[in-house]
Structure formats: structure tokens, C-alpha cells
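Read through the structure below, which is laid out as C-alpha cells, and then see the notes.
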Amino acid sequence: MSYFLSPDACLKWLETPSVYHARTDELYELDEASFDFLRRCSSEEGCSDSDGEFIDYCLHEGILSSDPINIIRPALSKAPQPSLRYLELQITDRCNLRCKHCYIGKDQVHELSVGQVRDILREFEQMQGLRVLITGGEPLLHSNFLSLNNLLPEFSLRKVLFSNGLLISRQLLKTLNVQEIQISIDGLEKAHDILRGTNSFVKAMRAVHLCLEAGFEVSVSTMVHTANLNDFEEMDRLFRETGVRDWTVDVPCVSGRLTTNTGLSVSPEIGGRYLKYGFGQGLHGSSQGYGCGLHLMSVMADGRASKCTFYSDNNAGSVEDGLENCWKRIAPVRLRDLECDCEYLEACRGGCRFRAETLGNPLGRDLYRCFLYDIIKTTE
Ligand code: SF4
Ligand code: SF4
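The opening position of the sequence shown corresponds to residue 2 in the numbering used here, with each subsequent residue numbered one higher.
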């Protein structure tokens, strides 16, 4: 009997040989023998082997299939170190909302062209990338979103679309080539609408339901602000009951349109308390010994690349230089270089570097996270 690598699985040669399942978002580290075996399974002839237990496991996890599948696999080459696994791609900075906390400072009209997106994704795939996070502005407002969407199946990546939900419709969902949709929900109705505009909560929740009904995985991201502090228990219940897979909670950084005089920003002492909320794995992990964003890079709508969108003013060049060249210019944050001195360093990873910087010291503590861990300590 022959077995074949399933269409959702792709070998990735990261820091260790691995196989990635783009639909379930699982990354499996492999020993060299298993990697070679699965490499043979990705050929047209498929493979057979006496290690029935490993095959059974791979069949169970959806990594192998007994159906011959004729798909062209990307070339397998070793990823740069550290590996670039998550790419945030801001395809447009157009938006149909004017959220008070948005980091996009003023009205701009930049877009990545379809050709640029194709080149970026091709190089990202060659660099053994795992997940592309398609963001904006509102990405569905890209002037050629249809063509961009048609490109996506070419790439063995997990595609996640970030949206405010306003333009999500049953019709659109029939054609959307992504595995996951992340909707921003910043509180229950009153609090969310304060930040994002009248009726935007009802529309966002409708989008969540439509996406789930159409079979997409749905995640939610929430910003802590002064108007939503009483909503977190109820949001937790609502999102779990609705079937959301991942809920990310964060405190907005003071940049772009958000100013401290909106009255919506929270102090570290207050904001830290709410960072205990959220569930799931989050969208970009790190690795032992390193701080935030070790495997993440962002590309802005004007083609500039940087560690993450908050660092757009301290960019690593333009994608026209090539994605890998930009990636090499981003220095990883080593935990031992930080001025953090607490027992939670490996768990916290020094929090958010940009937040630490806005609090006055790029190597210093992210006080929001410190207050979170103070609370955790008292409950242990
Ligand atoms: S600086 Fe903050 S936003 Fe940027 S990668 Fe690190 S944790 Fe994420
Ligand atoms: S930010 Fe605070 S809690 Fe996190 S590692 Fe640094 S000192 Fe510890």
C-alpha cells in the first residue's frame, strides 16, 4: 500500500526538520528518518514502509493519505536562522472604520500590488514560512482583492484574514481562500461601538457567526480600554460558547491615531489585570531564550518591512530588496540582554518590546506584563 503527503501537509525545514498541517495549524518536529520518509511520500509514487505505527499516527493526524494527490510541492531548502514563520502582510491601509486605537496614523492610500504579493508569498514559502496574516486597514478593501484571493491556493501556507467583519457576507465566504478569519471585537456592544463606531459590534458578531457557519476557523482579538473593563467575563463566555478557537487580548500601544487624551488608554496597573484573559495559542510564538516576535516579520502596504507593525518607523528595508534580505536585518531579542529580573522571564519573554520602549526603555520591563505576573504570583 502506498501513502501520500496530504494536500494540507507540507514539509518544513526549520530549526529542526518538521511537517506542518496548514488546516489544523499543527507543527510536528521530526527526526531525520521520519523527515526522509515523509519526503518520499510527497513524490508522485508515494511511499510504503514497515513502520506501521508512524504511518497510523500520520494518517490519524491527516498528514498522510492513501489517495494519490497530484500537487506541486514548493522546493525544500533550509530556513534562515532564526526561521521566519509568520508574515504579517498589510495589503492595504484603506479602512472603512476610524477606530480610536488604530496604529495607522492618518488617511493613507497604499496598497501592495498583486504582483508584489505573489513575489512576497513565493519567497516566504521558499523560506519555509508557515502562516501569512493578511491585514490592513481592512484587507477586503484592497482594490484587487479578488485577484489576491485567487493567488492564495498556490501557496502551502496557512492563510489568516484579519477583518473588522463589516464586509463579510455569505457570498464572499463562498470564495475566500483562507483557513482562518480573525475578527476584532473590543468589548460588548457599548464598549466596542465607542471604539469602532455605531452598530459595529452587531456587524462584527454577525461576521463571526457567518464565518463559523461557512466552516472557517474563527479567532477574535480584543484591546483592553477603559470602556470595556467590565465586559471580559461575559466576552470569555460568549466567545467560548460561540466556537471561537483563539481569543487574543492585548493593550493598545500609544501610536498612530490613539492618543492618551482619548480617555480610553489604561495604565499598566489596570491593563495588566486583563491580560490574563484570552485563550488558544496566539498567532506568533517565540522560542526558548528569545523575546517577542522571534519568528515574525511585517510588511506594510507601502512595501516597508519591519519586526512588527509597531516598528514601521524603524524598518528593515523594502520588500523590493527581497524578503530574506529584510529578515536578516532584524535582530532577534535575546532574553539575557533584557533588564528583566523576574522568575517569569521564560513564560513572559519580557512582554512586548514596543510597549517597553514606549514606557521609556527598549531593554526594560513591559510594566503591563509585570502587573499581570504580580497577580499570577499572588494566586499561586
Ligand atoms: S513588539 Fe509587541 S507587537 Fe511587536 S512583535 Fe513584539 S509583542 Fe508583538
Ligand atoms: S516584563 Fe516584567 S514580568 Fe515580563 S519578564 Fe520582564 S520583569 Fe518579568
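The beta-carbon is built from N, C-alpha and C at its ideal position, and this holds for glycine as well.
Can we count Asp342 as close to ligand 2, meaning its CB is less than 7 Å from some heavy atom?
Working through the sequence shown from its first residue, we reach residue 342 at position 341. The answer is yes for Asp342.
Which residues does DSSP pair with Tyr4 in a beta bridge?
Taking the first residue of the sequence shown as position 1, residue 4 is located at position 3. The partner list for Tyr4 (beta bridge, DSSP) reads Cys48.
Ignoring anything shorter than 3 residues or poking outside the stretch 297-349, list the beta strand (DSSP E) runs there in chain order.
297-300
So, is Thr260 buried or exposed, given that buried needs 16 or more other C-beta atoms within 10 angstroms?
One-based indexing of the sequence shown puts residue 260 at position 259. Only weak support exists for where Thr260 lies, its pLDDT of 48 falling under 50; the coordinates are left without a value.
For Arg370, which residues from the same chain have a beta carbon less than 6 Å from its beta carbon, with the 5 sequence-adjacent residues on both sides left out?
As a working mapping, residue 370 is identified with position 369 in the sequence shown. For Arg370, where only same-chain residues beyond five positions count, the Cβ hits under 6 Å are Cys349, Gly352.
Stretch-stretch touch, CB-based, cutoff 8 Å, three pairs: the stretch 11-26 with the stretch 76-85
yes
Which runs of the beta strand (DSSP E) fall wholly inside the stretch 233-284 and span at least 3 residues, in chain order?
247-251
Could you check whether Gly318 and Ala306 sit closer than 8 Å to each other, using their CB atoms as the reference points?
As a working mapping, residue 306 is identified with position 305 in the sequence shown. As a working mapping, residue 318 is identified with position 317 in the sequence shown. A contact, by the Cβ cut-off of 8 Å.
Rounding to the nearest angstrom, what Cα-Cα distance links Gly257 and Glu30 in this structure?
Numbered from its first residue, the sequence shown carries residue 257 at position 256. Numbered from its first residue, the sequence shown carries residue 30 at position 29. In this prediction, Gly257 has a pLDDT of 46, which is less than 50 and means its spatial position is unreliable; nothing more can be read from the coordinates.
Is the closest heavy atom of ligand 1 to the C-beta of Cys349 under 7 Å?
Position 348 of the sequence shown holds residue 349. Checking the Cβ of Cys349 against ligand 1 gives no.
Please go through the same chain and pick out, in chain order, the residues whose beta-carbon is closer than 6 Å to the beta-carbon of Arg366, but skip the five residues on each side of it.
Translated into the one-based positions of the sequence shown, residue 366 becomes position 365. Around Arg366: Cys341.
Please determine, among Glu235, Gly244, Glu234, the residue with the shortest C-alpha to C-alpha distance to His210.
For the purposes of this step, residue 210 is taken as residue 209 along the sequence shown, with counting starting at 1. Of the candidates Glu235, Gly244, Glu234, the one whose C-alpha sits nearest the C-alpha of His210 is Gly244.
Which of helix, strand or coil does DSSP assign to Lys13?
Walking along the sequence shown from the start, residue 13 turns up at place 12. Three-state DSSP puts Lys13 in a strand.
In chain order, what residues of the same chain have a beta carbon less than 7 Å from the beta carbon of Ser19, not counting five sequence neighbours either side?
On the sequence shown, residue 19 is found 18 positions in, with the first residue counted as 1. Result list for Ser19: Lys13, Leu28, Tyr29, Glu30, Leu31, in chain order.
What does a CB cutoff of less than 7 Å around Phe233 pick up in its chain, not counting 5 residues either side in sequence?
Looking up residue 233 in the sequence shown gives position 232. Here the set comprises Tyr275, Tyr278.
What's the gap between the Cα of Met206 and the Cα of Ile376?
Numbered from its first residue, the sequence shown carries residue 206 at position 205. Numbered from its first residue, the sequence shown carries residue 376 at position 375. If I take the Cα positions, the gap works out to 31 Å.
Going by DSSP, name the residue or residues bridged to Tyr87.
Translated into the one-based positions of the sequence shown, residue 87 becomes position 86. In DSSP, Tyr87 forms a bridge with Arg132, Leu297.
Bridge partner(s) assigned by DSSP for Phe163:
Your numbering for residue 163 matches position 162 in the sequence shown. According to DSSP, which records beta bridges pairwise, Phe163 is partnered with Gln183.
Considering only heavy atoms of ligand 2, does any lie closer than 7 Å to the CB of Tyr275?
Here residue 275 corresponds to residue number 274 of the sequence shown, with the count starting at 1. No, ligand 2 has no heavy atom inside 7 Å of this Cβ.
Closest by CA to Gly116, which one among Asn97, Val110, Leu153?
Within the sequence shown, numbered from 1, the residue matching residue 116 stands at position 115. Taking only the C-alpha atoms, the option nearest Gly116 is Leu153.
Pairwise C-alpha distance: Tyr312 and Gly290
Taking the first residue of the sequence shown as position 1, residue 290 is located at position 289. Taking the first residue of the sequence shown as position 1, residue 312 is located at position 311. Approximately 22 Å between the Cα atoms of the pair.
On the DSSP bridge list, what partners appear for Pro18?
Here residue 18 refers to the residue found at position 17 when the sequence shown is read from its first residue. Paired residue(s): Trp14.
What's the gap between the Cα of Ile72 and the Cα of His22?
Here the question's residue 72 lines up with position 71 in the sequence shown. Here the question's residue 22 lines up with position 21 in the sequence shown. Whole-angstrom Cα-Cα distance: 15 Å.
In whole angstroms, give me the CA-to-CA distance for Ile56 and Val161.
The residue labelled residue 56 in the question sits at position 55 within the sequence shown. The residue labelled residue 161 in the question sits at position 160 within the sequence shown. Their Cα atoms are separated by approximately 29 Å.
Does the structure place the stretch 235-255 close enough to the stretch 183-197 that three or more beta carbon pairs sit under 8 Å?
yes
Quick one: using the 10 Å Cβ neighbour count with 16 as the cut-off for buried, is Arg241 buried or exposed?
The sequence position of residue 241 within the sequence shown is 240, counting from 1. By the 10 Å Cβ count, Arg241 comes out exposed.
Please list the terminal residues of the continuous beta strand (DSSP E) segment that includes Val219.
As a first step, residue 219 is located in the sequence shown; it is residue number 218 there, counting from the start. Here the beta strand (DSSP E) through Val219 covers 218-224.
Just to confirm, does Leu295 get its C-beta within under 7 Å of one of the non-hydrogen atoms of ligand 2?
The residue labelled residue 295 in the question sits at position 294 within the sequence shown. No; taking the cut-off as 7 Å, the Cβ of Leu295 has no heavy atom of ligand 2 nearer than that.
Between Asp296 and Arg86, is the Cβ-Cβ spacing less than 8 Å?
Position 295 of the sequence shown, counting from 1, holds the residue named residue 296. Position 85 of the sequence shown, counting from 1, holds the residue named residue 86. With the sequence shown as reference, residue 296 is identified as His, and Asp is not the correct amino acid for it. Yes, these two residues count as a Cβ contact at 8 Å.
First through last residue of the alpha helix (DSSP H) which encompasses Glu358
Along the sequence shown, read from residue 1 onward, the residue named residue 358 stands at position 357. 354-359 is the extent of the alpha helix (DSSP H) around Glu358.
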